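Read top to bottom, the protein sequences are chains A and B.
Each residue of the first sequence is one higher than the last, beginning at 1 in my numbering.
Each residue of the second sequence is one higher than the last, beginning at 1001 in my numbering.
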Amino acid sequence: MVTTHPGSPASAAASGPTDDEQVEMMRRMIDANVFSTRIFNLQRQGRVGTNAPIDGSEAIAVGAAAALDPKQDWIYPQYREQYGLGRFGDELLDLIVLYNMGHPGGGAYPEHLRVFPYQISLATQIPHAVGTAWGMKVKGDPGCSLVFFGDGSSSEGDFYEAANLAGVRKAPVIFVLINNGWAISTPTSSQTGAESFAAKAHAFGFPGRRIDGTDPIEVYRTIAEARARATGGMGPMLVEAVTYRLGHHTTADDPTKYRHADEVEAAKSREPVAKFAALLGARGLWSDEQTAAQEASAHERFDGAWERAQATTWQPSDMFEHTYATPTPRMLRQRAEMIAHLAAEGEA
Amino acid sequence: MTVMTMVEAINHTLHEEMARDDRVMVFGQDVGINGGVFRATEGLSAAFGDDRVVDMPLAEGVIAGSTVGLAVAGMVPVAEIQFLGFAYQAMHQIVGQIARLRTRSAGRFEAPITIRAPFGGGVRTPELHSESLESQFANCPGLKIALPATAADAKGLLAAAIRDPDPVLFLEPLRGYRMVKDDVPDGEHVVEFGKARTSREGSDVVIIAWSYMVELANRVADSLAAEGVSVRVLDLRTVVPLDVDAIADAVSACGRAVVVQEAPETCGFGSEVIATAMERCFYDLEAPIERVSGYDTPYPVGMLEDYWVPDAPRIEAAVRRVLGTSA
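Right under this line is the structure:
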């Protein structure tokens, strides 16, 4: 663990997570894994588009979400963590399915779901998360914002600009840098010359921690402490959560081209879902039967979401709905032309 | 009415909007105690405090990018980019993020964001301080683009921009900050976007322009009036949304048109105006439409800039060509 700033406050999470919370995290990690696998496989069948599996990041997404307050805090994900954020609203699963289908309703998150939409442009969500935290501070709103990004994203200017601003304004924001070893085919050794990603926090004037991102309990405790700091007016924290991406970057990737099977094999002992199940099992909190039952329930929930998604209607002219509050006259003309054209072609 | 320069009108409007709505925040480089390098934000920090008028780190990407998060938190951000050429360092946030917030969230998140920046050249600045990027941004659906030519419109369009639920790029003619001076309505004054303004009435030819080029078009109209040539000047005010009907009406009424832009010729917004006129008014045209613009080179160094930026003689020559009265 790297602590670049002394004087962290007493951990607010010394007592947590409770056994019940740990079991809940276990369930959500299994759900995340099943949903992610199902979406991945649907791409192989040509039924959804390119997508990024969560594998390796289950403990980070689930552990962080468990330490936040879904009624006060905001989460700004990249594109891998969504599977593990069900605690912020179970309807997220339906939206994940729609989004990966390319359905126009895939971004229509309900008002109470304090999760930002998918972000494809790496690191661009970091200034957004800082802006929200800054705005909450100006308004005197409770809570904080948390942003997920990767080891690759940490090389983007947006990370440096946003972290710098957050340090200046002591914004209540938590930076969660998911270091899964690989940015597609680029290893972390080609990404930074720093001793760690966490060490970068020192330059921004706030603490940086390097933690085991395969352990949801460590993630939970670290995020709970970061949240206590942020909401207590002490400013941001950078958390480098170290894990390993066991599978593909996305459905469009072939990792055998750039890394050795030995490396992947060695990392399998750190696979977060099985590791956590074993840990809870040893403490009598979880069993193989419960894993099987949870997997079955996750598949059932996914089947339901997939069925609902198929029945969710859309039309080509939906594309004109949300560019502006009021479409420009020119867009209205284009929309009318499209509808007339499709009618003439017998498509509508 | 009060006579104001353009920069005074902008400053006055920022004061009024911050007083009207306490969600409005003004931030950028040197906007606080210094009042902005052009003094557009003079006095705001004293009047509204350091929480709402904020000197930012020197980083355009996060000046633009943080507006998205501030909007989600319920604020109304008014960010300043010190010179439009520096917006290149914020392009990924303005175009890739701010413009798409409403679409990406299927209408959940609004982006009531205003980004102000000085626009155009003509005052011997260093490189990248004189850019005219309106057509680059006009090709990015989700943004609106306002380009006032008068102090009165600077007030009315800026008030409209700040109150708009969608993101607005508010481009202020750098050369016009102190050279443009006119009567500004007192109190509430909001100019609706997408409504062009007839700056000079006329019937022989219409000059279509925006921002500081309107001032030059007016001069040409006034000087040709002495020869009995009736020149109309149409000020677009906003290029997104575009007042297509005003363009069509003016071109059809006059039958001849010249479009003036400060940006380079190729793919400038003038091309869009001319294509629009062709679609709507082809059979009313008496002559090909001409455009007057900067040249297809990077904005040149100071000793050359007066030869690059359109001036009244170049506009007048184009008007005479479309009238068929060239010497």
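For every residue, glycine included, the Cβ atom is placed at its ideal position computed from N, Cα and C.
Bear in mind that the values here come from a model prediction, so they are computed numbers and not experimental data.
- Task: Check whether the Cβ atoms of VAL1078 (chain B) and ARG1039 (chain B) sit closer than 9 Å, and answer yes or no.
- Result: no
| request: Might you give, ordered along the chain, the residues of its own chain that have their beta carbon closer than 8 Å to the beta carbon of ARG1175 (chain B), omitting 5 neighbours on each side? | output: GLY1120, GLY1121, GLY1122, VAL1123, TYR1212
For THR326 (chain A), tell me which candidate among B:MET1056, B:THR1103, B:VAL1205, B:ALA1073 has the shortest Cα-Cα distance. It is B:THR1103.
Taking the alpha carbon of ALA1152 (chain B) as the point to measure from, which residue in B:THR1198, B:PRO1126, B:ASP1182, B:SER1130 has its own alpha carbon closest?
B:ASP1182
For chain E, check one thing: does any of its Cβ atoms lie closer than 9 Å to the Cβ of LEU238 (chain A)? Included in the structure are the protein chains A and B, with no chain E among them.
- Along the beta strand (DSSP E) that carries ASP69 (chain A), what are the first and last residues, could you check? Note, ASP69 (chain A): premise wrong, no beta strand (DSSP E); not H, not E.
Is there contact here, the stretch 1301-1313 of chain B with the stretch 1244-1258 of chain B, by at least three beta-carbon pairs under 8 Å? no
When we look at the beta-carbon of SER1326 (chain B) and count the other beta-carbons within 10 Å, is it buried (16 or more) or exposed?
exposed
If we count Cβ pairs, one from each stretch, closer than 8 Å, do we get three or more for the stretch 1084-1100 of chain B versus the stretch 118-131 of chain A? yes
Practice task
Report buried or exposed for MET1 (chain A), applying the criterion of at least 16 other Cβ atoms within 10 angstroms of its Cβ.
Solution key: A caution first: MET1 (chain A) carries a pLDDT of 44, below 50, which makes its placement in the model unreliable, though a value can still be read off. MET1 (chain A) comes out exposed.
8 Å contact criterion, which SER361 (chain A) and TYR79 (chain A) should meet: CB distance rounded: Nothing about residue 361 (chain A) can be read from this structure; chain A reaches only from 1 to 348.
From B:THR1266, B:VAL1239, B:LEU1285, residue whose alpha carbon lies closest to that of VAL1205 (chain B): In terms of Cα proximity to VAL1205 (chain B), the closest of B:THR1266, B:VAL1239, B:LEU1285 is B:LEU1285.
Quiz item: In this structure, does DSSP put GLN45 (chain A) in helix, strand or coil?
Solution: In the structure shown, GLN45 (chain A) sits in coil (DSSP, three-state: anything other than H, G, I, E or B).
Can we say the stretch 1017-1024 of chain B touches the stretch 1068-1077 of chain B, given the rule of at least three CB pairs closer than 8 Å? yes
> Using the beta-carbon of each residue, which ones in chain B are nearer than 8 Å to ASN164 (chain A)?
Replying inline: PRO1057, ALA1059, VAL1062
Item to complete: Starting from the Cα of THR1041 (chain B), find the closest Cα among B:LEU1084, B:ARG1116, B:VAL1062, B:HIS1092 and give me that residue.
Response: B:ARG1116
Selected residue, minimal CA-CA separation from GLY208 (chain A), among A:ASP69, A:GLY304, A:LYS139, A:VAL173: A:VAL173
Exercise. Out of A:GLU161, A:GLY135, A:ALA65, point me to the one whose CA is closest to VAL1053 (chain B)'s CA.
Key: A:GLY135
inquiry  = Distance cutoff 9 Å, beta carbons only. Does GLN1097 (chain B) sit that close to anything in chain A?
reply    = yes
Notebook entry, point to check: Three-state secondary structure (DSSP) at GLY1294 (chain B)?
Noted result: strand
Notebook entry, point to check: If you draw a straight line from the alpha carbon of GLY140 (chain A) to that of ILE60 (chain A), how long is it in whole angstroms?
Noted result: Spanning the two alpha carbons is a distance of roughly 28 Å.
Query - ALA1257 (chain B), enclosing beta strand (DSSP E) - first and last residue - result: Annotation: the continuous beta strand (DSSP E) that includes ALA1257 (chain B) extends over 1257-1264.
Report task. State whether the stretch 62-81 of chain A contacts the stretch 106-120 of chain A, with contact taken as three or more CB pairs (one from each stretch) at a distance under 8 Å. Result -> yes
Which listed residue (A:PRO272, A:LEU238, A:ASN180) has its alpha carbon closest to that of ILE217 (chain A): A:PRO272
By how many angstroms is the C-alpha of ARG1197 (chain B) removed from the C-alpha of PHE320 (chain A)? 28 Å
Local conformation of VAL1180 (chain B) per DSSP, three classes:
coil
Query - THR313 (chain A) - containing alpha helix (DSSP H), residue span - result: Looking at the DSSP string, THR313 (chain A) is not in any alpha helix (DSSP H), and its letter there is neither H nor E.
Just to make sure I have the definition right: I need the residues of chain A whose C-beta is within less than 9 Å of the C-beta of GLN1261 (chain B). Which are they?
The premise fails here: GLN1261 (chain B) is roughly 19 Å from chain A at the closest Cβ pair, so nothing lies under 9 Å.
Pick from A:ASP69, A:ALA64, A:SER36, A:GLY63: whose alpha carbon is nearest that of ASP55 (chain A)?
-> A:SER36
Kindly indicate which residue of A:GLY46, A:GLY106, A:VAL242, A:LEU85 has the alpha-carbon position closest to the one of ARG27 (chain A).
-> Nearest option by C-alpha distance: A:LEU85.
When we look at the beta-carbon of HIS341 (chain A) and count the other beta-carbons within 10 Å, is it buried (16 or more) or exposed? exposed
What residues from chain A crowd round GLY1074 (chain B), counting only those whose CB sits closer than 7 Å?
-> Against GLY1074 (chain B), the close residues of chain A are GLY135, LYS139, in the order they occur along the chain (beta-carbon pairs closer than 7 Å).
Runs of alpha helix (DSSP H) wholly within the stretch 95-145 of chain A (minimum 4 residues, chain order)
Runs found: 125-139.
TRP1210 (chain B) in three-state terms, based on DSSP
coil
| query | Alpha carbon to alpha carbon, how far is THR1114 (chain B) from PHE1282 (chain B)? | reply | 37 Å
Environment of GLN1082 (chain B) [buried if 16+ CB atoms lie within 10 Å]
buried
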